[in-house]
Amino acid sequence: MSEREIAVRMSGVCKSYQRGSQNVPVLEDINFEIASGEFLALMGPSGSGKSTLLNLLAGIDKADSGIITVGNCNITSLDDSELADWRAANVGFIFQFYNLIPVLTAFENIELPLLLTGLTRRERREHVLAALEVVSLTDRMDHRPSQLSGGQQQRVAIARAIITDPAILVADEPTGDLDRVSAGEIMDLMDHMVSDFGKTIIMVTHDPRAAEKAHVVRHLEKGILMES
Amino acid sequence: MFMLKLIFRNVFRHKLRSTLTVVGVAVAILAFGLLRTLVGLWYLGVESSSSTRLVTRNAISLVFSLPLSYKERIRQVPGVTGIGAMNWFGGVYISEKNFFPNFAIEAEPFFDLYPEFRLTDEEKKSFLRDRQGAIVGRKLAKKYGWKVGDRVVLKGTIFPGQWEFTVRGIYKGAQRSTDETQFFFSWDYLNETMRRTVPRRADQIGIYVVGVANPERAAEISENIDILFKNSLAETMTETEKAFQLSFVAMTEAIMVAIQIVSYVVIVIIMVVAANTMAMTARERISEYATMKSLGFKWLHIATVIAGESLFIALLGGAVGVGLTFPFSGIIERELSQFFPVFRVELLTTFMQIMAAVVVGTVAAIFPVWRGSTITIADGLRRIG
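Following this line, the structure appears as structure tokens:
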């Protein structure tokens with residue numbers, strides 16, 4: 560794997576949480592690389608540190624030590640404000656429970672990340688309509704999350720994740736709250752993101768069927784990343 | 011624009027909760043406005059008192075009278091332009107619940123000394139001609155349905171007996187703050203009756219109202235009047251009308267201070283209620299704030315959404331409260347005119363109401379803003395499911 564193709568690199572990353580007076584290690588000396596355009600699935604039992612790992616490489620949590628490089632950016636050296644700007648431009652999030660804003664329509668939820676860009680209203684509209692087209696929800700754009708099925712909500716979340724054309728998509732149990740059919744549709748859509756749009760996806764999942772779609776599957780056990 | 015839309019939709023997300031909070035703020039702002047108006051009203055007599063009028067009374071107490079003979083001596087004091095006698099009559103119309111201030115006045119100087127009471131020339135002449143004539147304020151006449159020519163009987167309390175009057179004029183106030191609930195009749199009628207029935211109480215004056223040309227000389231003229239009667243059986247105390255009115259206000263100052271405190275307590279209570287509502291709201295939406303942060307929104311965006319919602323609710327309640335203050339003050343002025351002849355909401359009161367609403371909204375937002383802005387994304391997202 561050449562240097563140019565590496566989307567994410569973690570070197571000697573450690574993370575622990577303070578629980579009362581106790582220091583609980585969650586991740587220990589994590590070293591791994593993800594190539595650009597790769598679909599990686601992280602699996603492991605509950606409490607193994609999968610979500611923490613995902614949070615670290617998405618820049619929503621900070622490592623105690625080690626270096627995390629996404630693209631050419633060492634995100635461990637960024638402060639909170641710089642991280643926020645970096646996330647807005649480089650990371651798309653897909654959550655288990657979709658995390659849509661209930662008072663906004665599908666269109667407005669997808670538009671949300673674009674408010675932080677300098678795009679005009681018309682440009683934003685064009686982008687949102689294109690994203691809605693990708694997730695096949697143009698006819699549901701004026702619906703609020705409560706008026707959509709779980710699968711549809713997750714598709715809105717995917718549209719929101721790709722709207723700023725980020726380099727990487729992070730997905731935390733994206734099918735965890737869906738029935739089998741909807742889960743299959745979502746996985747097909749994510750596969751489509753990789754194959755047709757060249758996105759790098761890092762997905763945490765418990766679902767072996769979901770993991771089948773990934774190019775690489777890595778396992779975490781008690782904070783230690785197993786060899787693939 | 012988008013943020014405004016989000017704030018607006020968030021406000022009406024829990025319609026019942028928001029409505030109740032808005033109603034609570036509205037009631038508090040209304041109560042605050044009415045209480046502030048009441049306090050202001052208490053000082054209205056002081057504020058509307060004339061700087062060209064002095065009041066001379068018995069130095070011991072207002073309960074004791076002054077001899078009629080003082081009148082001409084006071085008139086001779088340099089700077090005095092006019093003088094009129096006045097007695098608090100304290101009569102009761104039908105029953106004691108029908109309270110209104112009633113005075114015996116020296117009719118002729120009265121109109122010069124009190125230009126704020128406006129009557130037609132015909133009414134003035136009619137009043138001066140009739141010893142049993144009375145002039146009444148517009149609001150008082152309206153309340154009891156009196157018209158010019160009507161007979162009105164007052165039961166004397168300080169001056170016993172049934173006192174019959176004929177309404178000869180209905181005065182209007184020159185300013186909106188002029189008290190239009192008073193009843194005046196001729197001091198001559200009172201004095202002649204006293205001469206006949208209780209001679210020892212004849213020729214006694216409650217207060218002298220003294221007109222001066224130059225308000226800047228009020229202190230000097232007051233001193234000169236009082237010197238005239240030094241070491242007499244009825245020493246005088248002369249002061250400006252404003253100081254005279256203030257002495258009444260001072261008697262009830264503790265009540266006024268209490269009312270002022272209550273008006274602020276009302277605001278503090280609604281502040282706590284609004285803060286609790288906003289804290290609940292923010293707690294419920296913490297995962298949404300975390301999601302927004304994960305998308306790249308910063309603490310200032312989150313603070314704007316939370317504070318905007320809090321201020322929107324407080325200002326909406328404030329607007330309703332301010333809007334209700336005017337019709338309510340009108341109702342109070344109409345229905346309780348015997349206690350509050352003028353119940354006018356000052357511009358300053360309205361400004362204070364708006365500021366109180368802003369303070370409520372701001373203070374209520376402090377904790378939720380701090381919580382929403384500082385919670386880490388990972389912690390915030392963990393609140394889901």
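Taken in sequence, the protein lines are chains A and B. Here my numbering runs 559 ahead of the position in the first sequence, where the first position is 1. Here my numbering runs 10 ahead of the position in the second sequence, where the first position is 1. Virtual Cβ for every residue (Gly too), placed ideally from N, Cα, C.
- Between isoleucine 565 of chain A and the set A/Lys574, A/Leu637 and A/Ala594, the nearest pair of CA atoms involves A/Ala594.
- Looking at the DSSP output, histidine 778 of chain A shares a beta bridge with A/Met602.
- In this structure, DSSP gives tyrosine 154 of chain B a helical state, which the three-state scheme calls helix.
- At a cut-off of 8 Å between beta-carbon atoms, proline 672 of chain A makes contact with chain B.
- Between valine 352 of chain B and aspartate 189 of chain B, the C-beta spacing is below 8 Å.
- Cβ proximity to chain A below 9 Å picks out Ser297, Glu298, Ala300, Thr301, Met302, Lys303, Ser304, Leu305, Gly306, Phe307, Lys308, Trp309 and His311 from the stretch 297–318 of chain B.
- Distances from the CA of isoleucine 323 of chain B to each of B/Leu238, B/Met11, B/Phe12 and B/Val33 were compared; the closest alpha carbon is that of B/Val33.
- Contact residues of the stretch 705–730 of chain A toward chain B are absent (C-beta to C-beta distance below 7 Å).
- The C-alpha of aspartate 236 of chain B is placed about 12 Å away from the C-alpha of tyrosine 218 of chain B.
- Bridge partners of valine 572 of chain A according to DSSP: A/Ile589.
- Neighbours of leucine 16 of chain B in chain A, taken as residues at a C-beta separation under 8 Å, are given in chain order as Ile660, Val662 and Leu663.
- Around the beta carbon of valine 715 of chain A, 16 or more other beta carbons sit within 10 angstroms, so the residue counts as buried.
- Against chain A, a Cβ distance below 8 Å from isoleucine 387 of chain B picks out Asn614, Ile619 and Asp620.
- In this structure leucine 243 of chain B is exposed. Its beta-carbon is surrounded by fewer than 16 other beta-carbon atoms within 10 angstroms.
- In this structure asparagine 590 of chain A is exposed. Its beta-carbon is surrounded by fewer than 16 other beta-carbon atoms within 10 angstroms.
- B/Ala223 is the residue among B/Ala223, B/Met261 and B/Ser273 whose C-alpha sits nearest the C-alpha of threonine 91 of chain B.
- Contacts with chain B at 8 Å (Cβ-Cβ) include alanine 643 of chain A.
- Proximity of arginine 19 of chain B to chain A, defined by a Cβ-Cβ separation below 8 Å, is satisfied.
- With 16 or more other CB atoms across the displayed protein chains lying within 10 angstroms of its CB, leucine 321 of chain B is buried.
- When DSSP states are grouped into helix, strand and coil, alanine 770 of chain A belongs to the helix group.
- Contact note: phenylalanine 12 of chain B reaches chain A through Leu674, using a C-beta cutoff of 7 Å and chain order.
- Here the stretch 30–47 of chain B makes contact with the stretch 261–276 of chain B; the two share three or more CB pairs at distances below 8 Å.
- Using a C-beta cut-off of 8 Å, the stretch 135–142 of chain B makes no contact with the stretch 251–261 of chain B, since fewer than three inter-stretch Cβ pairs fall below that distance.
- For glutamate 126 of chain B, there is no enclosing beta strand (DSSP E), as DSSP gives it neither H nor E.
- Close CB contacts of serine 570 of chain A within its chain, under the 7 Å cut and outside five residues either way in sequence, are with Asn590, Gly625 and Ile626 (chain order).
- When 7 Å is used as the limit between beta carbons, serine 741 of chain A is near no residue of chain B, the shortest such separation being about 17 Å.
- Check the Cα spacing between isoleucine 84 of chain B and each of B/Leu72, B/Lys182, B/Asn20 and B/Arg67: the tightest is with B/Arg67.
- Arginine 381 of chain B does not reach chain A, its nearest Cβ partner there being about 16 Å away, counting only Cβ pairs nearer than 7 Å.
- What arginine 646 of chain A touches in chain B, judged by beta-carbon distance under 8 Å, is Ser304, Leu305 and Gly306, going in chain order.
- Listed along chain A, the residues sitting closer than 8 Å to arginine 23 of chain B by beta-carbon distance are Pro661 and Val662.
- Boundaries for arginine 680 of chain A: no beta strand (DSSP E) harbours it, while the alpha helix (DSSP H) harbouring it runs 680–693, taken from the DSSP string.
- One Cα belongs to arginine 768 of chain A, the other to histidine 778 of chain A, and the distance between them is close to 15 Å.
- In the structure shown, the three-state DSSP call for methionine 11 of chain B is coil.
- Along the stretch 24–99 of chain B, the alpha helix (DSSP H) occurs as fully enclosed runs of 4 or more residues at 25–52, 54–57 and 80–85, listed in sequence order.
- Contact with chain B is found for phenylalanine 652 of chain A, since one of that chain's Cβ atoms lies less than 8 Å from the residue's Cβ.
- Relative to asparagine 614 of chain A, the option among A/Phe652, A/Gln711 and A/Leu688 whose CA is nearest is A/Phe652.
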